[in-house]
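The listed protein sequences derive, respectively, from chains E and P.
Going by this note's numbering, the first residue of the first sequence is number 1, and it counts up by one from there.
Going by this note's numbering, the first residue of the second sequence is number 1, and it counts up by one from there.
What follows is one structure encoded as structure tokens, with my remarks underneath.
2 protein chains.
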Amino acid sequence: MPSTPPTPVQRVQIDAGAELRLVALEMFAENGYSGTSLQQIADAAGYSKSSVLYHFRSKEALFEAALTPAVAELDLFLESIVEKLTNDEHRSGFVEEFIDLLLEHRLAAHIIINQGQTLSDIPIIDQATGLIGRIGESFMSGLPTTQQRIRLGIALAGAAYVMVALRPSAVELDDLDEVREALIDVVTELITPL
Amino acid sequence: MPSTPPTPVQRVQIDAGAELRLVALEMFAENGYSGTSLQQIADAAGYSKSSVLYHFRSKEALFEAALTPAVAELDLFLESIVEKLTNDEHRSGFVEEFIDLLLEHRLAAHIIINQGQTLSDIPIIDQATGLIGRIGESFMSGLPTTQQRIRLGIALAGAAYVMVALRPSAVELDDLDEVREALIDVVTELITPL
DNA sequence: CCCTAACCTGACCGATCGGTCAGCGCCTGC
DNA sequence: GCAGGCGCTGACCGATCGGTCAGGTTAGGG
């Protein structure tokens with residue numbers, strides 16, 4: 001019998017750091033940053049509080065680690081925006097990508113939207129709101145009337161908030177697809193006259 | 001010289017309860033419910049923590065007292081809705097009143113929108129979200145397609161969120177009027193096809 | 001077989017949390 | 001002038017907060 005290969009076996013969930021990041025993301029979204037204690041996170045993940053602080057130097061570091069993937073993708077999205085908006089034909093694609101980005105990182109979006117002002121002194125939150133601001137600016141390069149700015153705000157904030165308001169339990173996969181298309185339609189309709 | 005009247009004099013701000021309610025509302029909106037301590041509220045209002053707890057039996061009672069006026073007006077608004085919606089001519093008035101209601105109670109709206117899910121176990125929050133839900137239901141009595149529900153959601157949530165996002169410092173009175181009209185226009189445009 | 005390093009934990013720390021309580025000064029009606 | 005209640009306070013309570021630390025356990029390489 002040949003020697004067994006060097007254990008690439010079942011990697012179900014042995015990465016404690018990633019597991020803690022996920023649990024923390026859910027709880028921060030559900031109960032808020034200051035409303036979630038390290039003890040609660042540790043209990044939910046099946047570790048001790050000390051263990052959480054072994055993997056992450058502080059509560060804020062854990063928060064930052066939990067949000068980092070979403071913010072990184074948001075950053076990539078911003079970089080790709082410039083060419084998207086110069087080519088007029090790609091504008092609808094812009095909306096689609098933005099909605100998909102929000103859907104993929106719903107929990108992170110929930111946190112940034114609902115707690116962004118409160119937690120503005122945490123670096124990654126500051127970075128995220130900065131990115132969002134630059135997306136808005138680059139979109140309406142000639143930021144014309146108040147009415148137009150309000151229109152854009154309602155489109156993006158409304159879409160984000162509707163998505164965020166979806167309770168995780170209420171997410172049937174079919175419905176999610178339907179929601180996705182409806183969001184793309186309505187947002188596209190709102191921003192095309194700009 | 002006639003006797004001085006029984007001191008109806010300057011009532012600048014001697015009602016400690018009302019003053020505390022106001023300060024608490026601002027701080028709860030700014031830093032969140034669990035992110036605001038009774039000590040911070042007391043300091044900001046110029047009282048001791050004990051004094052706050054003399055006027056309000058608990059932190060939750062103070063929170064409830066701070067939100068009560070807004071929720072009461074929301075309740076009145078819901079009662080007036082039925083006749084507004086049966087008379088087709090008053091539909092635009094509906095939007096106008098709703099926007100004005102949000103503008104008048106911006107801080108309370110901020111709290112209910114951003115912390116409603118988190119604080120769903122507090123009675124007045126439960127009441128407020130219940131009222132909002134009934135407003136939505138009574139508006140789209142025949143809740144038709146997903147697309148139409150999303151449209152309504154974006155209109156109302158977007159408007160509310162745009163308003164909430166206005167930093168208090170950024171509120172010039174002229175701008176506020178401009179924002180009000182823009183909001184009414186866009187929201188009306190969104191919900192008229194329903 | 002032992003040494004090391006990674007992982008995890010309970011005990012403990014000072015600070016702060018929401019809340020209680022006894023008592024202070026002051027105004028008012030008798 | 002005195003009794004009583006209202007507004008307000010500091011001292012204090014147990015619980016919990018985020019965070020530190022010394023030590024226990026385990027797996028792997030020499």
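For each residue, glycine too, the CB sits at the ideal point set by N, CA and C.
How big is the Cα-Cα spacing for R11(P) and R106(P)? Low local confidence applies: a pLDDT of 41 at R11(P) is under 50, so the model's placement there is unreliable, with the coordinate-based value given in what follows. Going from the Cα of R11(P) to the Cα of R106(P) covers about 25 angstroms.
Just verifying my parser: in three-state terms, what is the DSSP assignment at I99(E)? Residue state, collapsed to three classes: helix.
Give the DSSP-derived three-state secondary structure of V9(P) in the structure shown. Note on V9(P): pLDDT 37, under 50, position unreliable in the model; the coordinate value appears next. Residue state, collapsed to three classes: coil.
Can A70(P) and Y161(E) be called in contact, C-beta distance under 8 angstroms? Not closer than 8 angstroms, so no.
In whole angstroms, give me the CA-to-CA distance for G136(E) and K59(E). For the pair G136(E) and K59(E), the Cα-to-Cα distance works out to about 31 angstroms.
If you count every other CB in all the chains shown that lies within 10 Å of the CB of Y54(P), and 16 or more means buried, which is it? Flag for Y54(P) reads exposed.
Residues in its own chain within less than 8 angstroms of R180(P) by CB, not counting five upstream and five downstream? Residues I99, D100 and L103 of the same chain have their beta carbon placed closer than 8 angstroms to that of R180(P), with the five preceding and five following residues left out of the count.
Partner residues on chain P for E178(E), Cβ-Cβ distance less than 7 angstroms: Neighbours of E178(E) in chain P, taken as residues whose beta carbon is under 7 angstroms from its own, are T146 in chain order.
For A159(E) and Y47(P), I'd like the C-alpha separation in whole angstroms. If I take the Cα positions, the gap works out to 42 angstroms.
For K152(P) and V186(P), what's the separation of their Cα atoms in angstroms? Per the sequence shown, the amino acid found at residue 152(P) is Leu instead of Lys. Taking C-alpha positions only, L152(P) is separated from V186(P) by approximately 12 angstroms.
Can you give the beta carbon distance from V95(E) to I184(E), rounded, assuming they're within the 8 angstroms contact cut? So it is a contact: roughly 6 angstroms between Cβ atoms.
With distances taken from CA atoms, which of T36(E), E97(E), A72(E) and A65(E) is nearest G17(E)? Checking every option, the nearest Cα to that of G17(E) belongs to A65(E).
With 16 as the cutoff for other CB atoms within 10 Å, does D175(E) come out buried or exposed? With fewer than 16 Cβ atoms within 10 Å of its Cβ, D175(E) is classed as exposed.
Neighbourhood of E178(P) by C-beta, 8 angstroms cutoff - its chain only, sequence neighbours within 5 removed: Non-local beta-carbon contacts of E178(P) in its own chain, meaning distances under 8 angstroms to residues more than five positions away in sequence, are absent.
Over what stretch of residues does the alpha helix (DSSP H) that includes Y161(P) continue unbroken? For Y161(P), the enclosing alpha helix (DSSP H) starts and ends at T146 to A165.
CA-to-CA distance, L20(P) to I14(P), given in whole angstroms: Their backbone Cα atoms lie some 11 angstroms apart in a straight line.
Would you say I124(P) faces chain E, with C-beta separation under 8 angstroms as the test? Using a CB distance cut-off of 8 angstroms, I124(P) does not count as an interface residue toward chain E.
Would you call the CB atoms of Q39(P) and M27(P) closer than 8 angstroms? In this structure, the beta-carbon distance from Q39(P) to M27(P) does not fall below 8 angstroms.
Candidates T118(E), I150(E) and K49(E): closest to G32(E) by CA position: When C-alpha distances from G32(E) are compared across T118(E), I150(E) and K49(E), the shortest belongs to T118(E).
Taking 8 angstroms as the threshold (beta carbon to beta carbon), is G153(P) in contact with chain E? Using a CB distance cut-off of 8 angstroms, G153(P) counts as an interface residue toward chain E.
For chain E, check one thing: does any of its Cβ atoms lie closer than 8 angstroms to the Cβ of E64(P)? Chain E, which has no Cβ nearer than 8 angstroms to the Cβ of E64(P), makes this no.
Can you give the Cα-Cα distance for I132(E) and A45(P), rounded to whole angstroms? For I132(E) and A45(P), the distance between alpha carbons rounds to 35 angstroms.
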